[in-house]
Amino acid sequence: MVEVTPHTVILVGDSQYCMVLLKESDGSRMLPIWMRVHRAQPIILWLRGKRLRRPHTHELFIQMAEKLGGELVQAALYQVKEGVLQGRLVLSRESQEISLMCMASDAIVLATKKGVPITVAHEIMEMAGFIP
């Protein structure tokens, strides 16, 4: 797995979509992730150093996990299935790891909010990553 961090979000004209560029932590490769603008909004705010006044859905998920004794420890983008990038959240609870499948956009947002590593499968980075 390759660790990445959100680098920038590129809005595409009047489109409902944008491109989130994830940068390889120990290198220069970038990985473009397409998502709807409303899904990228928390990442845009985070990159600009802004915070919401009230909890957003993603903050609510983190709070619920913590209230139930769990902690988000990692997000992974681990496979492409039927042309869709699949995400996985890894939570730790009482020395046990719990893995939850999720949308790639949710994995990125939750990891960004919580400040935990985002990892990408080597095959995905090899296939879709690029050096600017």
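Here the sequence shown stands for residues -5 to 126, numbered as in this note's numbering.
Think of the CB as a built atom: it goes at the ideal place given N, C-alpha and C, for glycine as much as any other residue.
Using DSSP with H/G/I as helix, E/B as strand and the rest coil, what is residue i?
i	result
Lys61	helix
Val(-2)	strand
Ile102	helix
Glu18	strand
Lys107	helix
Check for me: the beta strand (DSSP E) holding residue i runs from which residue to which?
i	result
Phe36	The sequence shown places Pro at residue 36, rather than the Phe named in the question. Pro36 -> not in any beta strand (DSSP E); alpha helix (DSSP H) instead, spanning 31 to 41.
Val114	112 to 114
Leu85	78 to 87
Please determine, among the options, the residue with the shortest C-alpha to C-alpha distance to residue i.
i	options	result
Gly123	Glu18, Gly64, Met13	Glu18
Lys75	Ala98, Leu62, Met13, Arg30	Ala98
Asp8	Glu117, Leu62, Val31, Ile37	Val31
Met29	Gln80, Gln10, Glu60	Gln10
Glu60	Arg48, Ile37, Leu85, His50	Leu85
Val(-4)	Arg82, Met13, Asp20	Asp20
Met121	Leu79, Ser93, Ser89, Ile38	Leu79
What first and last residue would you give for the alpha helix (DSSP H) that runs through residue i?
i	result
Met97	Met97 -> not in any alpha helix (DSSP H); beta strand (DSSP E) instead, spanning 90 to 97.
Quickly, what does DSSP pair residue i with across the bridge? List them, please.
i	result
Val67	Paired residue(s): none; Val67 is not in a bridge.
Glu120	Glu120 pairs with nothing; no bridge assigned.
Val6	According to DSSP, which records beta bridges pairwise, Val6 is partnered with nothing at all.
Val26	Per the sequence shown, the amino acid found at residue 26 is Pro instead of Val. Its beta-bridge partners are Leu15.
Lys44	Looking at the DSSP assignment, Lys44 forms no beta bridge with any residue, so it has no partner.
Is there a C-beta anywhere in chain D that falls below 7 angstroms from the one on residue i?
i	result
Trp28	In the displayed structure, chain D is absent; only one protein chain is listed.
Verify the contact flag: residue i, CB atom, against every heavy atom of the ligand COA, threshold strictly below 6 angstroms.
i	result
Thr2	No copy of the ligand COA appears in this structure; indeed no ligand is present at all.
Using 8 angstroms as the threshold, is the region 86 to 104 in touch with the region 53 to 70, meaning 3 or more CB pairs across them? yes
Answer yes if the region 64 to 80 comes into contact with the region 106 to 118, meaning at least three C-beta pairs across the two stretches below 8 angstroms, and no otherwise. yes
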